[in-house]
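To start, the structure itself, in structure tokens.
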Amino acid sequence: MEIYGSAVADKLDNSRSILKRRYYRQHCTLELGSYIKDLSVVHSDLSSIVILDNSPGAYRSHPDNAIPIKSWFSDPSDTALLNLLPMLD
Numbered sequence: 001m002e003i004y005g006s007a008v009a010d011k012l013d014n015s016r017s018i019l020k021r022r023y024y025r026q027h028c029t030l031e032l033g034s035y036i037k038d039l040s041v042v043h044s045d046l047s048s049i050v051i052l053d054n055s056p057g058a059y060r061s062h063p064d065n066a067i068p069i070k071s072w073f074s075d076p077s078d079t080a081l082l083n084l085l086p087m088l089d
């Protein structure tokens, strides 16, 4: 999934260098069959940190920072990320 994640992050960042670090599966903890993404490793102040994920288990440690999104399966008409751009900009 890192290849997919990198491509999406590159597109969102658009050479602005706002995405300082990227975290992938190897940065997660496997717990009860789910990969948990601990946002506290990103920064101790989580007030400006969000997680966009299709798996509620991934953000179970920080549900207030989560923006749930539907799974993507190579659908060229999917606009879920585009719809979030105004909020993320």
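Numbering (UniProt numbering), first residue to last: 1 to 89. Quick reminder that beta carbons are idealized off the backbone N, C-alpha and C, glycines included.
Query                                                                                                        : Result
For Ser71, tell me which candidate among Ser44, Gly57, Ala80, Leu85 has the shortest Cα-Cα distance.         : Ala80
Does DSSP classify Pro56 as helix, strand or coil?                                                           : helix
Would you call Tyr59 buried or exposed, if buried means 16 or more other Cβ atoms sit within 10 Å of its Cβ? : buried
Taking a contact to mean a Cβ-Cβ separation below 8 Å, would you say Val50 touches Ile67 in this structure?  : yes
Nearest CA to the CA of Leu19: which residue from Ser44, Asp78, Ala7?                                        : Ala7
What did DSSP end up calling Tyr4 once you bin it into helix, strand or coil?                                : helix
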